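Asks: Sequential numbering from 10 applies to the sequence shown in the numbering used here.
Sharing a structure below in structure tokens format, with a few things to ask.
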Amino acid sequence: MQTVNKHLFSLIFIILIVPITKAQTSKIELPLGIEEIKVNYTSPIISIYVDKENAVYLEEEQIEISELGKRLSYIRYKLPIEDIVFTKVFLYIDKVVPYKIIDKIKTEIASVYMYNTYYKTGSVEDKDLLKGLGFRNHQSFFRYQHIEKKTTKKQEEEDRRYNDSIRRINEETEMGFLLPPPPPPMHWTAEFKHKLYSDQQEIIDEILEGKSYSCVSIGNNGIKIEKELINFDDLEDIEKVFLNNDVLLVNFDDNLVYKNYFKMINIVRKLERKNKERHIPLFAEISSEIKGIHQKSGIKFCN
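This is how it looks when you write it as structure tokens:
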């Protein structure tokens, strides 16, 4: 009888918790936006919600931020290999959420090699998946190793025979045409972002060498460069800062809220569209995680 009551209680708890979660996430107020997200209908989509109380939900389940990377790593592990690169993370974030919360979430997402992040706009209840602003995620210093899928001895033997046959064919073929071509060289912006998340001063010095760059900070009232504050509405002045640099090294004020972060990345997207035939600098975000690592390592590049 006690076991039956225990199972009955668990069932009632599950039935109650799902509507409560939906009710909480449905109250999230998203920023407005007109951008559309281009998706392939086979693209895996992962949804993360953050409500006014800073509670975080992975799909319909509330989760601690510190557990997010682990859970995302398992989701990634279960995806077909060919779909992993197309995975999109949809972020449903209330406008008043502190950016420092979002920064931690983005770092957890990056720790499992997920960079296709999309900031949803409009209404949470809107079923149109195409509304939102896509913005490439920053890196993470710490990363989860890919979970290795176990194989049976039969599968191992089949794989060994297949690999041996490919090797023999390539040895017998003069040009070795079955060998895949080498990967293309990494674009300098991708290499820059990757090496920026290093704890070695010489690496940082190397990627900055020959680059014109400015250190900026995003706050609730605008973008700060050196001692000057440029309001979000001063698009002409912001554009000058952009066009005079190869790289913007971007920090964030402690009290920054999400709606103002969204304003900034929306401006970045507008400037990219306006100047698509011209040079646009790399908008290199510096997470709180790597900022702390840089400080502990004595790395200096922004005063």
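For glycine and all other residues, C-beta sits at the position ideal for the given N, C-alpha and C.
On a predicted model such as this, the values are computed, not experimentally measured, just so you know.
Measuring CB atoms only, is the region 100–113 touching the region 160–176, in the sense that at least three cross pairs come out at less than 8 Å?
Replies: The region 100–113 vs the region 160–176: no contact.
Asks: With a threshold of 8 Å on Cβ separation, who are the neighbours of Lys300 within its own chain once the five nearest residues in sequence on each side are excluded?
Replies: Excluding residues within five positions, the ones whose Cβ falls inside 8 Å are Asn260.
Asks: Measuring only the C-alpha atoms, how far is Lys249 from Tyr206?
Replies: Between Lys249 and Tyr206, the C-alpha separation is close to 27 Å.
Asks: Taking Asn275 as part of the beta strand (DSSP E), name the residues at either end of that continuous run.
Replies: Premise fails: Asn275 lies in the alpha helix (DSSP H), Tyr267 to Lys283, not in any beta strand (DSSP E).
Asks: Could you tell me which uninterrupted alpha helix (DSSP H) segments, each at least 4 residues in length, are contained entirely in the region 35–69, listed from first to last along the chain?
Replies: For the region 35–69, not a single whole alpha helix (DSSP H) run of length 4 or above is found.
Asks: Taking Cys153 and Ser82 to be in contact with their CB atoms under 8 Å, please state how far apart those CB atoms are, rounded to whole angstroms.
Replies: Per the sequence shown, the amino acid found at residue 153 is Tyr instead of Cys. Between Ser82 and Tyr153 the Cβ distance is about 4 Å, and since that is below 8 Å, they are a contact.
Asks: Is the beta carbon of Lys129 closer than 8 Å to that of Leu100?
Replies: Contact flag set, yes.
Asks: Quick test of your reading: Thr198 and Val133, contact by CB under 8 Å. State the CB separation rounded to the nearest angstrom.
Replies: No, Thr198 and Val133 are not in contact; Cβ-Cβ is about 33 Å, not under 8 Å.
Asks: Examine the Cβ distances between the region 227–240 and the region 263–275 and report whether three or more of them are shorter than 8 Å.
Replies: Flag = yes, the region 227–240 and the region 263–275 touch.
Asks: Quick one: residues in its chain with C-beta nearer than 7 Å to the C-beta of Ile289, no 5 flanking neighbours on either side, listed in chain order?
Replies: Hits under 7 Å: Phe251, Leu280 and Glu281.
Asks: Less than 8 Å between the beta carbons of Phe326 and Ala293, yes or no?
Replies: Look at the range of the chain in this structure, 10 to 312, and you will see that residue 326 is not part of it.
Asks: Does DSSP put Ser226 in a helix, in a strand, or in coil?
Replies: Here Ser226 sits in strand by DSSP.
Asks: Rounded to whole angstroms, what is the Cα-Cα separation between Lys147 and Lys113?
Replies: A small fix is needed here, since residue 147 is His in this sequence, not Lys. Approximately 11 Å between the Cα atoms of the pair.
Asks: Tell me whether Ile308 is buried or exposed, calling it buried when 16 or more other Cβ atoms sit within 10 Å of its Cβ.
Replies: Looking at its Cβ environment, which holds 16 or more other Cβ atoms inside 10 Å, Ile308 is buried.
Asks: When we look at the beta-carbon of Arg85 and count the other beta-carbons within 10 Å, is it buried (16 or more) or exposed?
Replies: That one is buried.
Asks: CB-CB under 7 Å to Gly219, same chain, minus the five flanking residues each way: which ones, in chain order?
Replies: If we look at Gly219 and ignore the five residues flanking it on each side, it has no Cβ neighbours.
Asks: When the distance is taken between beta carbons, is Thr116 closer than 8 Å to Ser296?
Replies: A contact, by the Cβ cut-off of 8 Å.
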